[in-house]
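Read the structure below first, then the notes.
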Amino acid sequence: MTPTEECVAALWAEALGTAPEDVGTDFFAAGGTSLNLVRLLAGVQDTWGVELPLDRLFTEGFTVRGAAAAVDELLLGALDADELRALEAELDGMSEEELSVLLADSTGAGGGVGAESA
Numbered sequence: 144m145t146p147t148e149e150c151v152a153a154l155w156a157e158a159l160g161t162a163p164e165d166v167g168t169d170f171f172a173a174g175g176t177s178l179n180l181v182r183l184l185a186g187v188q189d190t191w192g193v194e195l196p197l198d199r200l201f202t203e204g205f206t207v208r209g210a211a212a213a214v215d216e217l218l219l220g221a222l223d224a225d226e227l228r229a230l231e232a233e234l235d236g237m238s239e240e241e242l243s244v245l246l247a248d249s250t251g252a253g254g255g256v257g258a259e260s261a
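In my numbering, the protein residues as written are 144 to 261.
Below is the structure:
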C-alpha cells in the first residue's frame, strides 16, 4: 500500500468500524452507508484539505485505491509548475535512506503524502 492508501484505509476503518479487506474492496459492498461516507469524506477533508470527487468515486467504484489516487491527484494538481519542479529536485537530491525516513514520517503522522502542502 502507498502511504496515501494506508491513511485512507485508516479513515475507512474509523468510518465503518472495520478495516477494508484490501485496497480494491468497494466501500458500499463492505457495508458502508451514506453516514459512513460523510464521516470518511470529513476525515479526508481534515487530513488533506481536499474534497473527493464523488462522481469519479461512484463511476469507478469507491475503493481505498480509487480514493487515494484521487487525493494524490488533487494534491499534485494544486502545485504550480515551479513548486512541482522544486519538489522533484528536492526528492532527486535525497538518498534512499532519507526517502525512507520521509515516507515513514508521513505515514506515522497520519498525514499521508503531501499532507504538509495542503
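All C-beta atoms in this analysis are idealised placements derived from N, C-alpha and C, irrespective of residue type, glycine included.
Asked, Found
"Measure the alpha-carbon distance for G192 versus L219 and round it to whole angstroms.", "13 Å"
"My guess is that L195 and V207 are in contact by the Cβ rule of under 8 Å, so how many angstroms apart are they, rounded?", "Not really, about 12 Å apart at Cβ, beyond 8 Å."
"If we count Cβ pairs, one from each stretch, closer than 8 Å, do we get three or more for the region 221-237 versus the region 153-171?", "no"
"Are the beta-carbon atoms belonging to L151 and A211 less than 8 Å from one another?", "Just to set this straight, residue 151 is Val in the shown sequence, not Leu. For V151 and A211, yes; Cβs fall inside 8 Å."
"So L184 and A173 are in contact, right, with Cβ under 8 Å, and what is the actual spacing, rounded?", "The Cβ separation is near 16 Å, so there is no contact."
"I'd like to know whether the C-beta atoms of L242 and P146 end up nearer to each other than 8 Å.", "no"
"For the region 163-201, list the alpha helix (DSSP H) runs that are entirely contained and at least 4 residues long, ordered along the chain.", "177-191"
"Given that a residue counts as buried once 16 or more other Cβ atoms are within 10 Å of its Cβ, and exposed if not, what is V214?", "buried"
"Quick check on the DSSP output: the alpha helix (DSSP H) that includes T147 runs from which residue to which?", "146-159"
"According to DSSP, is G204 part of a helix, a strand, or is it coil?", "coil"
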